[in-house]
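**Q** Below are the structure tokens for one structure; questions will follow.
Numbering (the working numbering), first residue to last: 8 to 249.
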């Protein structure tokens with residue numbers, strides 16, 4: 008599994024954990040197997056996270072730091088008697104792990120660069136992309152998670168039109184000229200496939216592309232993943248074109 012897909016898989020599982028803990032709070036129950044805290048399942052997820060770090064060249068110091076972040080000894084947890092206090096500790100542990108993976112991914116995605124990419128620096132991206140980035144960040148802060156997806160899809164489409172740079176594509180949807188963008192892009196096929204899936208999911212997610220009476224099923228963790236990976240992809244695309 009490639010870097011992007013493996014990372015997405017890890018974040019999807021983390022999102023399931025967060026949703027489960029939220030349900031535990033809402034029903035005030037900790038003893039239902041399919042809902043309750045499951046340390047063995049979480050341990051399996053941590054093992055896959057460690058595999059991801061090792062496969063992507065994590066240094067010995069990074070791995071030591073991961074051990075500290077992910078270790079149960081770093082948190083006030085007693086899984087023999089779960090309660091709200093234990094759940095809070097468990098969530099802090101999971102969120103720390105997710106944040107750690109996010110920072111690590113930010114560093115390895117542009118690993119072929121000779122110099123680091125500074126957050127917020129300009130790489131020559133179109134000014135409309137900068138406006139959309141602000142919109143995406145604002146949506147995340149205001150917990151408008153479908154709005155995050157909508158802005159991310161618009162960023163991807165705007166970037167593709169800027170890279171292809173043909174008048175004929177300016178009024179077209181991304182999917183109609185994606186083969187041409189794939190040809191002109193500096194991104195790998197794996198990343199291109201992933202960002203196309205983000206664009207396509209906008210149409211099927213309530214309130215992200217169309218009005219709907221259905222409740223959007225997009226979590227905070229999914230929105231955060233989309234936001235961070237979209238920003239990283241833009242930086243990679245323009246950095247490689249320098």
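Glycine included, C-beta positions come from ideal geometry on N, C-alpha and C. Keep in mind the model is a prediction, meaning the values are calculated, not measured.
1) Since residue 217 sits in a beta bridge, which residues does DSSP pair it with?
2) Going by Cα to Cα distance, which pick from 240, 236, 246, 247 is closest to residue 15?
3) Give me the residue from 109, 34, 242, 192 with the minimum Cα distance to residue 136.
4) Using 9 Å as the threshold, is the C-beta distance between residue 65 and residue 111 below it?
5) CB-CB under 7 Å to residue 168, same chain, minus the five flanking residues each way: which ones, in chain order?
6) For residue 224, does the three-state DSSP call read helix, strand or coil?
7) I need the boundaries of the alpha helix (DSSP H) containing residue 154, first residue and last residue.
8) Roughly how many angstroms separate the alpha carbons of residue 212 and residue 195, rounded to a whole number?
9) Taking all protein chains shown into account, decide if residue 150 is buried (16 or more other Cβ within 10 angstroms of its Cβ) or exposed.
10) Suppose contacts are defined by Cβ-Cβ distances below 9 Å. Is residue 207 in contact with residue 166 by that definition?
11) Counting along the chain, where does the alpha helix (DSSP H) carrying residue 177 start and finish?
12) Hey, could you find the ends of the alpha helix (DSSP H) residue 134 is sitting in?
13) In whole angstroms, what is the alpha-carbon distance linking residue 29 and residue 171?
14) For residue 229, does the count of other Cβ atoms within 10 angstroms reach 16, so buried, or fall short, so exposed?
15) For the alpha helix (DSSP H) holding residue 190, just list the boundary residues, first then last.
**A** A quick look at the data gives this:
1) DSSP links residue 217 through a beta bridge to 213.
2) 236
3) With distances taken between Cα atoms, residue 136 lies closest to 242.
4) A contact, by the Cβ cut-off of 9 Å.
5) 176, 177
6) coil
7) 152 to 171
8) One C-alpha to the other measures close to 26 Å.
9) exposed
10) no
11) Looking at the DSSP string, residue 177 is not in any alpha helix (DSSP H), and its letter there is neither H nor E.
12) Where residue 134 is concerned, the enclosing alpha helix (DSSP H) starts and stops at 134 to 148.
13) 44 Å
14) buried
15) Residue 190 -> alpha helix (DSSP H) spans 185 to 191.
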